[in-house]
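Participant: In my numbering, the protein residues as written are 3 to 521.
Glycine included, each C-beta is placed from N, C-alpha and C at the ideal position.
Here the structure is a predicted model, which means the values were calculated and not measured.
One structure coming up, written as structure tokens, with questions to follow.
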């Protein structure tokens, strides 16, 4: 590593727990582990993760704010919308960090460059999470300086997330990549860094192509349409490879969305790990109901949104998008802009550049001034650049998915936790609950099972994901998230039956607040 040798004489700084990342997951972990005075490394100059450096001016929360709220820090009631902007979310996260005095633990502009294993793998393997001696060494560069500071930790919590930092760039045929295009090419990660004036200037009067049809692409197309109002405005073309279901709001034929997926009763229609013979038979008997609910939701979406008119109806059932955490809210007035011709769609599985724009596999060409890649991020690549071997090669293990017991512990990587990598209905709630579980584990309130047992459990979860959706590699547990939370709370010795009556427990909306902590 560059400059590493010249800094070998710098003394190691030693601490019990290190946390990488100060996004939502990092803040949750820092708060729950605050009694150990952890050191939090944040590569940027602010907290918030993707909300800070990977959001557009128009970005809003996809779920209701009550589903994106720390259990011990409610949203202020005054003038806060149900779907806050990313500015309002950042204010909320800053208030949370100030209230619990988390800022004192954060080292800003501190980029982790390398991690080295210094423990004994045979002895260390989760026998003690705080063994009293260093297990991991972490190299950190602060403020882009030429010097590198090494730290030693007994336990390391990785909270860098799956999004932001490392863009996923498509591969192209030889001499058909961005280098031959005369216009401007950027990833949404670069677009996020523009202020509103610069973003409008980039889009106004330009032939813009947005590659991708997920939430970031939809929001970007709307910003492009707004910047090109009037007769001289150009249309924004969305290149769509894989269609996904979108919803206009969280009501389906007058019924609240949570009734279909976010109650204990609704989870009976979905498979879950270790469900037993009777539960398996019940799930099999209820499979027509599962398909019927998916069709019921699809019928509403096809009635409410002109998906068929624009050729945007997905071929897979709605429940597969829900099971892979890919359900997105359609931006308001999106199809109004499509009706005006400000947003147009081009379905294509393969495309590449030519000097005047992009070309498709059907030999058609599209002129463009700006091409923006809303093609997602590669979170695992980010991890692989800092983790040493053999641990780096173990990230995906044999299935292509990182095996994380309780969504947190990799059974083959000792004294390290990963928070924020397994998606659910509410990633904030999941990160907070897993951080509570991690704190209990570190404090020796319960023990981990054997490595074999943990690998077996994660394998069962992955098989459930594979049977639930073709998009299983997104590592989402939405269809059995309540069961997942129950297992975590059972480890912590908490009870989940805190509601006033069994009807509200079984048919009411799920919330972490339903769990009663037992001292």
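Here's a check: name, in chain order, each residue in its chain whose Cβ is nearer than 6 Å to the Cβ of residue 41, leaving out the five neighbours to either side.
Facilitator: The count along the chain shown starts at 1 and reaches residue 41 at position 39. Excluding positions up to five away in sequence, the list reads 17 and 20.
Participant: Mind listing, in chain order, the continuous alpha helix (DSSP H) runs of no fewer than 4 residues lying wholly within the segment 441-510?
Facilitator: Those alpha helix (DSSP H) runs which fall completely within the segment 441-510 and span 4+ residues are 453-470, 483-494 and 504-509.
Participant: Just confirm the distance between the C-beta atoms of residue 88 and residue 48, as a whole number of angstroms; I'd bet it's less than 8 Å.
Facilitator: Locating residue 88 in the chain shown gives position 86, counting from the first residue. Locating residue 48 in the chain shown gives position 46, counting from the first residue. About 12 Å; that fails the 8 Å criterion.
Participant: Please report the straight-line C-alpha distance between residue 525 and residue 23, rounded to a whole angstrom.
Facilitator: In the structure as shown, the chain starts at 3 and stops at 521, and residue 525 therefore has no counterpart that could be examined.
Participant: What does a CB cutoff of less than 6 Å around residue 112 pick up in its chain, not counting 5 residues either side in sequence?
Facilitator: Reading the chain shown from its first residue, position 110 is the one you call residue 112. Correct list, in chain order: 43, 142 and 144.
Participant: Below 6 Å CB to CB, which residues in the same chain sit around residue 244 once its five sequence neighbours on both sides are set aside?
Facilitator: Taking the first residue of the chain shown as position 1, residue 244 is located at position 242. Taken in chain order, the list of residues that qualify is empty.
Participant: Is it buried or exposed for residue 460, if we count other Cβ within 10 angstroms and need 16 for buried?
Facilitator: Taking the first residue of the chain shown as 1, we reach residue 460 at position 458. Residue 460 is buried by the Cβ-count criterion.
Participant: Is it buried or exposed for residue 297, if we count other Cβ within 10 angstroms and need 16 for buried?
Facilitator: Position 295 of the chain shown, counted from the start, is the residue given in the question as residue 297. So residue 297 counts as exposed.
Participant: Hey, is the segment 183-201 in contact with the segment 350-361, meaning 3+ C-beta pairs nearer than 8 Å?
Facilitator: Verdict: yes, contact present.
Participant: Helix or strand or just coil, what does DSSP make of residue 189?
Facilitator: Here residue 189 refers to the residue found at position 187 when the chain shown is read from its first residue. Note: residue 189 maps to strand in three-state DSSP.
Participant: Under the rule that 16 or more other beta-carbon atoms within 10 Å means buried, what is residue 500, buried or exposed?
Facilitator: Against the chain shown, residue 500 aligns to sequence position 498. Caution is warranted here: a pLDDT of 49 is assigned to residue 500, below 50, making its placement in the model unreliable, and the coordinate value is therefore given only provisionally. Residue 500 should be labelled exposed.
Participant: Do you know whose CA, among 13, 468 and 26, lies nearest residue 431's CA?
Facilitator: Looking up residue 431 in the chain shown gives position 429. Nearest C-alpha to residue 431: 26.
Participant: Reducing DSSP to helix, strand and coil, say where residue 220 ends up.
Facilitator: Within the chain shown, numbered from 1, the residue matching residue 220 stands at position 218. Residue 220: helix per DSSP, three-state reduction.
Participant: How would you call residue 34, buried or exposed, if buried means at least 16 neighbouring beta carbons within 10 angstroms?
Facilitator: Numbered from 1 along the chain shown, position 32 holds the residue referred to as residue 34. It is buried - the Cβ of residue 34 has at least 16 other Cβ atoms within 10 Å.
Participant: So what's residue 520 in DSSP terms, helix, strand or just coil?
Facilitator: Taking the first residue of the chain shown as position 1, residue 520 is located at position 518. Any reading at residue 520 is ruled out, since the residue's pLDDT is 49, under 50, leaving its predicted position unreliable.
Participant: If you reduce the DSSP assignment to three classes, tell me which class residue 14 lands in.
Facilitator: Here residue 14 is taken as the residue at index 12 of the chain shown, counted from 1. Residue 14: coil per DSSP, three-state reduction.
Participant: Does the distance from the CB of residue 273 to the CB of residue 471 come in under 8 Å?
Facilitator: Walking along the chain shown from the start, residue 273 turns up at place 271. Walking along the chain shown from the start, residue 471 turns up at place 469. No, the Cβ-Cβ distance between residue 273 and residue 471 is not below 8 Å.
Participant: Name the residue from 445, 481 and 310 whose alpha carbon lies nearest to the alpha carbon of residue 2.
Facilitator: In the structure displayed, the chain extends from 3 to 521; residue 2 sits before or after that span and is not available.
Participant: List the residues that DSSP assigns as beta-bridge partners of residue 50.
Facilitator: Within the chain shown, residue 50 is the residue found at index 48, counting from 1. Per DSSP, none; premise fails for residue 50.
Participant: Quick check for students: name the residue ranges of the alpha helix (DSSP H) that lie wholly in the segment 373-398, counting only runs of 4 or more.
Facilitator: Segments of the alpha helix (DSSP H) lying fully in the segment 373-398: 381-388.
Participant: Measuring straight from C-alpha to C-alpha, what distance separates residue 14 and residue 151?
Facilitator: Here the question's residue 14 lines up with position 12 in the chain shown. Here the question's residue 151 lines up with position 149 in the chain shown. Each residue's alpha carbon lies about 7 Å from the other.
Participant: Tell me, to the nearest whole angstrom, how far the beta carbon of residue 219 is from that of residue 344; I am working on the premise that it is less than 8 Å.
Facilitator: Along the chain shown, one-based indexing puts residue 219 at 217. Along the chain shown, one-based indexing puts residue 344 at 342. At roughly 15 Å, the Cβ-Cβ gap does not stay under 8 Å, so residue 219 and residue 344 are not in contact.
Participant: Considering only C-alpha positions, which residue in the set 242, 76, 390 and 335 is nearest to residue 348?
Facilitator: One-based indexing of the chain shown puts residue 348 at position 346. Cα-wise, what sits closest to residue 348 is 242.
Participant: Just the C-alpha distance for residue 466 and residue 480, rounded to the nearest angstrom, thanks.
Facilitator: On the chain shown, position 464 is the one that residue 466 refers to. On the chain shown, position 478 is the one that residue 480 refers to. Using only the alpha carbons, I get a separation of about 11 Å.
Participant: Specify whether the segment 327-342 and the segment 247-254 touch according to this definition: at least 3 beta carbon pairs, one from each stretch, less than 8 Å apart.
Facilitator: Yes, they touch.
Participant: Apart from the five residues on each side of it in sequence, which residues of its chain come closer than 7 Å, Cβ to Cβ, to residue 325?
Facilitator: Along the chain shown, one-based indexing puts residue 325 at 323. Here the set comprises 470, 471, 478, 480 and 481.
Participant: Helix, strand or coil: how does DSSP classify residue 324 here?
Facilitator: Position 322 of the chain shown, counting from 1, holds the residue named residue 324. Three-state result, residue 324: helix.
Participant: Counting C-beta neighbours from all protein chains within 10 Å, is the total for residue 495 16 or more, i.e. buried, or is it exposed?
Facilitator: By one-based count along the chain shown, residue 495 stands at place 493. The residue is exposed, with fewer than 16 neighbouring Cβ atoms inside 10 Å.
Participant: Spatial neighbours of residue 313 within its chain, please: CB distance less than 8 Å, with the 5 preceding and 5 following residues excluded, ordered by chain position.
Facilitator: Counting from 1 along the chain shown, the entry for residue 313 is found at position 311. Correct list, in chain order: 347 and 349.
Participant: Check whether the segment 420-438 and the segment 201-211 are in contact - that is, three or more C-beta pairs closer than 8 Å.
Facilitator: No: fewer than three Cβ pairs fall under 8 Å.
Participant: Taking the straight line between their C-alpha atoms, what separation do you get for residue 29 and residue 71?
Facilitator: Within the chain shown, residue 29 is the residue found at index 27, counting from 1. Within the chain shown, residue 71 is the residue found at index 69, counting from 1. Roughly 13 Å separates the two Cα atoms.
Participant: Does residue 99 come out as helix, strand or coil in the three-state DSSP assignment?
Facilitator: On the chain shown, position 97 is the one that residue 99 refers to. If DSSP states are grouped into helix, strand and coil, residue 99 belongs with the helices.
Participant: Straight-line CA distance for residue 279 to residue 286?
Facilitator: Locating residue 279 in the chain shown gives position 277, where the first residue counts as 1. Locating residue 286 in the chain shown gives position 284, where the first residue counts as 1. Rounded to whole angstroms, residue 279 to residue 286 spans 10 Å at the Cα level.
Participant: Within a Cβ cutoff of 7 Å, which residues of the same chain sit near residue 165, ignoring the five residues on either side of it in sequence?
Facilitator: The residue you call residue 165 lines up with position 163 of the chain shown. Around residue 165: 52, 56, 379 and 381.
Participant: Between the C-alpha atoms of residue 551 and residue 100, what's the straight-line distance to the nearest angstrom?
Facilitator: What the structure shows of the chain is the stretch from 3 to 521, and residue 551 is not part of that stretch, so it cannot be assessed.
Participant: Going by beta-carbon coordinates alone, are residue 462 and residue 402 separated by less than 8 Å?
Facilitator: The residue labelled residue 462 in the question sits at position 460 within the chain shown. The residue labelled residue 402 in the question sits at position 400 within the chain shown. No, Cβ-Cβ distance for residue 462 and residue 402 is not below 8 Å.
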